[in-house]
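Chemist: Structure in structure tokens, see below.
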Ligand code: HEM
Ligand code: FES
């Protein structure tokens, strides 16, 4: 049988080849995409790397409180290339978050969450939540001190929920503390969630391909002149980006495999001794800072009536810090998408980036002295940006004139470049 | 619009009614099916069966403490000194975030029995060993986010909202406590 005939036979029954051709080959993409558009496909590749390495780790890992720590040490010392697979998986989680955070900031800068991409954006936020859950539960699996106490502190957050909080925590644990049932179910869910992410990422891409990518001008593509076929232009650009990324990734894996981790996690879990400093993985630090910023009860002023206890307030603020992203399309309603043509918004975008970095920095510091106030100020600014600044700018910011089309913008840039 | 209304007044409304009641019954059925699955995640019978332990406390001198595990949780047992008892009893209830008399928290004034889990987010406070940090109120100190507890295990300062919990326990005899 010749290949073409086989292909036709399959195509007639399952139109997979025409589908791939349409979505990956001919797929018209704006011709002005810059390197910030690399992070979506990178995130997808890292997801595959995480699943592949995870499955091989799972072949040697034992989800039992008496064996988990030792089984990971066995992976590190005795299993052939176990150290490599584990270091790829461990550092891969960090890389995943770096890439996804950059992907999100790209969207924030170029207004990619605006119509008609609101659902695409919201699915992204859901993926972020699932990723956080997956990474949190994965970190529990090696059953070191940070695993155990991280799990204890984070599951206890749910106890802040009024009335039913304690019952929820018992349900999560399957016991009266973080213990074997907890480890077991975390392993199962850690295995499951990435596949849910795959499903959602699929929907994310389907929604993306309905209207196509946004682009640095934020002006929608209009004619053929505005686009190039995805292959070879962006397949090559994405592959180049992948090469650069893999160099960085490899530097961590081979030269600083534990740099992003915490040494206490190489001490086996001990339910009777809490380490002096509990810090989450670096990618949770900004949100941890928001959690700790609410140190006061929220109540009716001048009375003793407490509406929200500090503990619950912190939990709400932390959840809200991620969740508020989903509301962004309705908070920033300015008709111009890209920060390139919104000078005021652009300035505040960078303030927001600094604010997020400050939050990440205080999240890693002990909650005492001046750090508390810095954390509170940065948290206040975080919500100020979304809830007050963006709606205000939506109404009052005078944007610069937009180019008539993507092609116009590209030509103008070329001319400008040539003059220089 | 008005035509639609007319339709729904006559035949479609019966169908709508059936659809809605049908869906509602279906939803209740699905919810009922979820119960066993959710319940399966709650503590199993053998986990619940570990619910009581007996502890020999004859070896503790005044000022010493021991930590035992009950239901997977650390339980602090401390034989308090006269000084510590005095401190616990000489407190104005108004100074307490979670007001409780020491007399209501202990069965015998020498013995403090409390669950060693910070009521903030669940770390184990320091203070069982004489060499530990005891915090500003001479009892316990939680290093995670800085909660200070007094010699009765009551919260005095920091983010924790409640006093250290007192587990159900009884003195079987003078040297044995049954917890649970
Ligand atoms: C979204 C994708 C994933 C993320 C972000 C992720 C994240 C993590 C993290 C942060 C750890 C802790 C690493 C450490 O500190 O040692 C971990 C461990 C682990 N993961 Fe994943 N993971 C993902 C997918 C998977 C999948 C699909 C499996 C398949 C079973 C898996 C299996 C494991 C196992 C067995 C461990 C324990 C071994 C170890 O700690 O090195 N992971 N994961
Ligand atoms: S867990 Fe003890 S202060 Fe937060």
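Residue numbers (the working numbering), protein chains in the order written: chain H, 219 to 638; chain P, 7 to 186.
The beta-carbon is built from N, C-alpha and C at its ideal position, and this holds for glycine as well.
It should be emphasised that the depicted structure is a prediction, and the values quoted were computed from it without experimental measurement.
(1) Should residue 314 of chain H be listed as close to the ligand HEM, given that the test is whether its C-beta is under 7 Å from any heavy atom?
(2) Which residues of the region 102-123 of chain P have a Cβ closer than 7 Å to any Cβ of chain H? Give them in chain order.
(3) Under the rule that 16 or more other beta-carbon atoms within 10 Å means buried, what is residue 610 of chain H, buried or exposed?
(4) Contact defined as beta carbons within less than 8 Å: I believe residue 134 of chain P pairs with residue 71 of chain P. What is the distance between those atoms, to the nearest angstrom?
(5) Given residue 87 of chain P, which residues of its chain have a CB within under 7 Å of its CB, disregarding the five upstream and five downstream residues?
(6) Ignore the nearest five residues each way along the sequence and tell me which others in residue 318 of chain H's own chain have a CB closer than 6 Å to its CB.
(7) Which chain P residues sit within Cβ distance under 7 Å of residue 397 of chain H?
(8) Can you give me the Cβ contacts of residue 8 of chain P inside the same chain, cut-off strictly under 6 Å, excluding the 5 residues immediately before and after it?
(9) Note the first and the last residue of the continuous alpha helix (DSSP H) segment covering residue 355 of chain H.
(10) When you compare the CB positions of residue 556 of chain H and residue 328 of chain H, do they come within less than 8 Å of one another, or not?
(11) To the nearest angstrom, how far is it from the Cα of residue 631 of chain H to the Cα of residue 370 of chain H?
(12) Considering only the alpha carbon of each residue, which of H:401, H:284, H:434 and H:221 lies closest to residue 623 of chain H?
(13) Please output, in chain order, the residues near the ligand NAP using a CB cut-off of less than 7 Å to any non-hydrogen atom of the ligand.
(14) Rounding to the nearest angstrom, what Cα-Cα distance links residue 18 of chain P and residue 31 of chain P in this structure?
(15) Let me check understanding here. Comparing Cα to Cα, which of P:159, P:169, P:48 and P:142 lies closest to residue 85 of chain P?
(16) CA-CA distance, residue 14 of chain P and residue 404 of chain H?
(17) If you follow the alpha helix (DSSP H) that residue 109 of chain P is in, where does it begin and where does it stop?
(18) Residue 388 of chain H CB to nearest chain P CB: under 8 Å?
(19) Rounding to the nearest angstrom, what Cα-Cα distance links residue 446 of chain H and residue 269 of chain H in this structure?
(20) What is the C-beta distance between residue 503 of chain H and residue 587 of chain H, in whole angstroms, given that I count them as a contact (C-beta under 8 Å)?
(21) Count the other CB atoms, across all protein chains shown, that sit within 10 Å of the CB of residue 277 of chain H; report buried if there are 16 or more and exposed otherwise.
(22) Hey, would you say the C-beta of residue 308 of chain H is under 7 Å away from at least one heavy atom of the ligand HEM?
(23) Please confirm whether any heavy atom of the ligand HEM lies closer than 7 Å to the CB of residue 321 of chain H.
(24) For residue 392 of chain H, which residues in chain P fall below 8 Å Cβ to Cβ?
(25) Please decide whether residue 527 of chain H counts as near chain P, where near means a Cβ-Cβ distance under 8 Å.
(26) What does residue 152 of chain P reach in chain H if we use C-beta pairs closer than 7 Å?
(27) Using alpha carbons as the reference points, say which of H:575, H:463 and H:608 lies closest to residue 595 of chain H.
(28) Cα separation between residue 266 of chain H and residue 363 of chain H?
(29) Below 8 Å, can you find three or more Cβ-Cβ pairs linking the region 51-61 of chain P to the region 122-140 of chain P?
(30) Indicate whether the contact test is met: 3 or more Cβ pairs, each with one atom in the region 92-108 of chain P and one in the region 465-485 of chain H, closer than 8 Å.
(31) In the DSSP assignment, the alpha helix (DSSP H) including residue 52 of chain P goes from what residue to what residue?
(32) Rounded to the nearest angstrom, how far is the Cβ of residue 81 of chain P from that of residue 130 of chain P, given a contact under 8 Å?
(33) So, helix, strand or coil for residue 506 of chain H, using DSSP?
(34) Once DSSP output is grouped into helix, strand and coil, what is the label at residue 175 of chain P?
(35) Tell me whether residue 634 of chain H counts as near the ligand HEM, meaning its Cβ is closer than 7 Å to at least one heavy atom of that ligand.
(36) Check each residue of the region 475-494 of chain H: if its Cβ is closer than 7 Å to any Cβ of chain P, include it; give the result in chain order.
Modeler: By the coordinates alone:
(1) For this step, residue 314 of chain H is matched to residue 96 along the first chain. Yes, the Cβ of residue 314 of chain H comes within 7 Å of a heavy atom of the ligand HEM.
(2) none
(3) Here residue 610 of chain H is taken as the residue at index 392 of the first chain, counted from 1. With fewer than 16 other Cβ atoms within 10 Å, it is exposed.
(4) Here residue 134 of chain P refers to the residue found at position 128 when the second chain is read from its first residue. Here residue 71 of chain P refers to the residue found at position 65 when the second chain is read from its first residue. Correct: roughly 4 Å between the Cβ atoms.
(5) Taking the first residue of the second chain as position 1, residue 87 of chain P is located at position 81. Sequence-distant partners of residue 87 of chain P (beyond 5 residues in either direction) whose C-beta falls short of 7 Å from its own C-beta, in its chain, are 68 and 69.
(6) For the purposes of this step, residue 318 of chain H is taken as the residue at position 100 of the first chain. Hits under 6 Å: 261.
(7) To locate residue 397 of chain H, count along the first chain from 1; it is residue 179. Per Cβ cutoff of 7 Å: 78.
(8) Here residue 8 of chain P corresponds to residue number 2 of the second chain, with the count starting at 1. Note that residue 8 of chain P scores 49 on pLDDT, short of 50, meaning its location in the model is unreliable; the coordinates nonetheless yield the value given after this. Nothing listed; no residue qualifies.
(9) For the purposes of this step, residue 355 of chain H is taken as residue 137 along the first chain, with counting starting at 1. Note, residue 355 of chain H: alpha helix (DSSP H), 336-358.
(10) Residue 556 of chain H sits at position 338 when you count from the first residue of the first chain. Residue 328 of chain H sits at position 110 when you count from the first residue of the first chain. Contact: yes.
(11) As a position in the first chain, residue 631 of chain H is number 413, starting the count at 1. As a position in the first chain, residue 370 of chain H is number 152, starting the count at 1. The straight-line gap from Cα to Cα measures roughly 55 Å.
(12) Numbered from its first residue, the first chain carries residue 623 of chain H at position 405. If we check each option's Cα against that of residue 623 of chain H, H:434 comes out closest.
(13) Among the ligands present in this structure, namely the ligand HEM and the ligand FES, the ligand NAP is not found.
(14) Start at 1 with the first residue of the second chain, and residue 18 of chain P comes out as number 12. Start at 1 with the first residue of the second chain, and residue 31 of chain P comes out as number 25. Roughly 20 Å between the two C-alpha positions.
(15) Here the question's residue 85 of chain P lines up with position 79 in the second chain. Looking at the Cα atoms, P:159 is the closest of the given residues.
(16) Counting from 1 along the second chain, the entry for residue 14 of chain P is found at position 8. Counting from 1 along the first chain, the entry for residue 404 of chain H is found at position 186. Confidence at residue 14 of chain P is low in this model, with a pLDDT of 49, below 50, so the placement of that residue is unreliable and no value is reported for it.
(17) Here residue 109 of chain P refers to the residue found at position 103 when the second chain is read from its first residue. First-last of the alpha helix (DSSP H) with residue 109 of chain P: 108-111.
(18) Looking up residue 388 of chain H in the first chain gives position 170. So, interface residue.
(19) On the first chain, residue 446 of chain H is found 228 positions in, with the first residue counted as 1. On the first chain, residue 269 of chain H is found 51 positions in, with the first residue counted as 1. Their Cα atoms are separated by approximately 32 Å.
(20) Translated into positions along the first chain, residue 503 of chain H becomes position 285. Translated into positions along the first chain, residue 587 of chain H becomes position 369. Contact doesn't hold; Cβ gap of about 18 Å is too wide.
(21) Position 59 of the first chain, counting from 1, holds the residue named residue 277 of chain H. Exposed, by the Cβ-count rule.
(22) Your numbering for residue 308 of chain H matches position 90 in the first chain. Checking every heavy atom of the ligand HEM against the Cβ of residue 308 of chain H, one is found closer than 7 Å.
(23) Locating residue 321 of chain H in the first chain gives position 103, counting from the first residue. No, since every heavy atom of the ligand HEM falls outside the 7 Å radius drawn around the Cβ of residue 321 of chain H.
(24) Counted from its first residue, the first chain places residue 392 of chain H at position 174. Correct list: 47, 48, 49, 50 and 53.
(25) As a position in the first chain, residue 527 of chain H is number 309, starting the count at 1. By this cut-off, residue 527 of chain H is an interface position.
(26) Position 146 of the second chain, counting from 1, holds the residue named residue 152 of chain P. Correct list: 585 and 586.
(27) Indexing the first chain from 1 puts residue 595 of chain H at position 377. Of H:575, H:463 and H:608, the residue nearest in Cα terms is H:575.
(28) Residue 266 of chain H sits at position 48 when you count from the first residue of the first chain. Residue 363 of chain H sits at position 145 when you count from the first residue of the first chain. If you take the alpha carbons of residue 266 of chain H and residue 363 of chain H, they lie about 29 Å apart.
(29) no
(30) no
(31) Locating residue 52 of chain P in the second chain gives position 46, counting from the first residue. For residue 52 of chain P, the uninterrupted alpha helix (DSSP H) run begins and ends at 51-55, by DSSP.
(32) Counting from 1 along the second chain, the entry for residue 81 of chain P is found at position 75. Counting from 1 along the second chain, the entry for residue 130 of chain P is found at position 124. Their Cβ separation, rounded to whole angstroms, is 11 Å, which puts residue 81 of chain P and residue 130 of chain P out of contact at 8 Å.
(33) Your numbering for residue 506 of chain H matches position 288 in the first chain. Of the three classes helix, strand and coil, the one that applies to residue 506 of chain H here is helix, per DSSP.
(34) Indexing the second chain from 1 puts residue 175 of chain P at position 169. Three-state result, residue 175 of chain P: strand.
(35) In the first chain, residue 634 of chain H corresponds to position 416, counting from 1. The answer is no for residue 634 of chain H.
(36) 489, 490, 491, 492 and 494
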